[in-house]
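Residue numbers (this note's numbering): 1392 to 1648.
Even for Gly, the Cβ is constructed at its ideal location relative to N, Cα and C.
Read through the structure below, which is laid out as structure tokens, and then see the notes.
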Amino acid sequence: MITAQRLRSVNVAERLDAMAEVLQAGGCADADALDALAACLADAQKIIQRRAAETFAALGAQGTSVRDVLLRTLESEVTKQRWGAAYALSLLGDTPPVTLPTLFEALGSDDGDVRWAAGNILVRLRGDTALVDALRQLLGTGSPAQRKMAAYCLRDLDARSPVVERALFAALHDPDTSVRLAAISAIGRLAIDRATAAQSLMDLLADPNPSVHRVAAAVLGVLGERSDAVRAALQIASQSADASLARAAKRSLRLLA
């Protein structure tokens, strides 16, 4: 059976063997095999998706022209296939701007592995001011998962600016708990106006969600704002019946001391 047909087999092991066969051919894959490999990017099996992306990257390193196939696959109607193409392009060592819509889409995936992989790709584009602005907008307009991941990406990009800070302050009041948690984490690293940041975190010590007020207490210590108000708020929290909150507050008080 020729390689392209094996790449379309219903048998997982046979598809994996066919990918290995493509590589052993020394980068001589024909158009039909590359199209079949692109179809594997949308496979129901994660191992097939990942191995197909890695095979594209290896073929590219061998000198096979795979970029056009991947760019064409970015226009697929299948979400998984678009993501697979964007991931494969990132493995080639150069993530083109045309992949950004797909990467932003992936930040909202139900699959946590996909969300964080997309976030990691975006963070590697450090220094792109247009990317920072797009993530800031996504923080305010995306789905809950996208808003959360946008905050973490901004944090890991060290995107410290007044406009990003304002967006994060707004996200501290997001109705979704995971977004508030991400914004707290980002504020701890990116805050410029530390007094205002500290006040916002102190307000969250009364958040109805236990995870939020625990993280807020912990980040107050990292933030380093040593005002009397901060110390008093943490002192009260350190006496809480919530043992985790009390521990976080005591740890922050030690850091501020």
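Taking a contact to mean a Cβ-Cβ separation below 8 angstroms, would you say residue i touches residue j in this structure?
i	j	result
Ala1562	Val1570	yes
Leu1559	Ala1536	no
Leu1516	Thr1486	yes
Ala1508	Tyr1478	yes
Val1460	Ala1429	yes
Met1653	Gly1503	In the structure as shown, the chain starts at 1392 and stops at 1648, and residue 1653 therefore has no counterpart that could be examined.
Thr1464	Met1410	no
Between which two residues does the alpha helix (DSSP H) holding residue i run?
i	result
Gly1518	Counting along the chain, Gly1518 falls outside any alpha helix (DSSP H), and DSSP gives it neither H nor E.
Leu1596	Where Leu1596 is concerned, there is no enclosing alpha helix (DSSP H), given that its DSSP letter is neither H nor E.
Glu1412	Val1403 to Gln1415
Arg1442	Lys1437 to Gln1453
Arg1575	The question names Arg, but residue 1575 is Ile in the sequence shown. Thr1568 to Leu1581 is the span of the alpha helix (DSSP H), which, as asked, contains Ile1575.
Asp1434	Asp1434 -> no alpha helix (DSSP H), and no H or E assigned at all.
Arg1642	Ala1634 to Leu1647
Glu1556	Pro1553 to Ala1562
Val1469	Where Val1469 is concerned, there is no enclosing alpha helix (DSSP H), given that its DSSP letter is neither H nor E.
Ala1536	Pro1535 to Asp1547
Leu1398	Thr1394 to Leu1398
Leu1498	No alpha helix (DSSP H) contains Leu1498, which DSSP labels as neither H nor E.
Within 10 angstroms of the Cβ of residue i, are there 16 or more other Cβ atoms? Answer buried if so, exposed if not.
i	result
His1564	exposed
Ser1591	buried
Val1413	buried
Ile1438	exposed
Ser1456	exposed
Ile1393	exposed
Ala1634	exposed
Gln1630	exposed
Glu1388	Residue coverage of the chain in this structure runs from 1392 to 1648, which leaves residue 1388 outside it and unanswerable.
Gln1440	buried
Val1554	exposed
Ala1648	exposed
Gln1626	exposed
Which residue wins for smallest C-alpha separation from residue i, given the options the options?
i	options	result
Val1523	Gly1533, Ser1552, Gly1579 and Leu1498	Ser1552
Ala1628	Ser1643, Ser1618, Glu1616 and Arg1617	Ser1643
Arg1638	Leu1614, Ala1623 and Arg1605	Arg1605
Asp1598	Thr1568, Glu1616, Leu1647 and Leu1530	Thr1568
Glu1405	Ala1632, Arg1538, Leu1545 and Cys1431	Cys1431
Leu1513	Gly1484, Ser1467 and Ala1586	Gly1484
Ala1427	Asp1408, Ala1443 and Ala1395	Ala1395
Asp1434	Asn1402, Pro1566 and Asp1501	Asn1402
Thr1470	Ala1608, Leu1482, Asp1549 and Val1505	Val1505
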